[in-house]
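S.K.: Submitted below is the structure of interest, expressed as structure tokens.
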Amino acid sequence: MAPRGKRMFRCCCRKRKKTALAALTKSASVSSSYRALRAVGWTSVAVGVTALGLYVGRELRLRYKFKRRTPSDFFSHAGEDFNAEFGMGV
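In terms of our numbering, the sequence shown is numbered consecutively and its last residue is 296.
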């Protein structure tokens, strides 16, 4: 049998392993930046959906309150608990 490094038939697996290892280390750096960008993207989507939900909820609440107003809401000081002399300098 020939010594370990000098065999007649070379195995092509070693070359594939080296290229696969190089590709793996290269893709590891790419995947870490990809993961960071993906996390930032999903976070911005979540913040956007939250802001949209708050805005839509506020609009729905204002419409609900507007539909249930009373005739006394049309006066300027309706529902105010102050006396007539408030702010008169007495």
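We put the beta carbon where it would ideally sit given N, CA and C, even for glycine.
Per DSSP, what kind of secondary structure is Phe280 in: helix, strand or coil?
M.R.: Correct three-state label for Phe280: helix.
S.K.: For Ser237 and Val251, what's the separation of their Cα atoms in angstroms?
M.R.: Their Cα atoms are separated by approximately 21 Å.
S.K.: Does the CB of Tyr261 have a neighbour CB from chain D at under 8 Å?
M.R.: Among the chains of the structure shown, chain D does not appear; only one protein chain is present.
S.K.: Can you tell me whether Arg274 is helix, strand or coil according to DSSP?
M.R.: Here Arg274 sits in coil by DSSP.
S.K.: Can you grab the Cα-Cα spacing for the pair Arg241 / Glu265, in whole Å?
M.R.: If I take the Cα positions, the gap works out to 36 Å.
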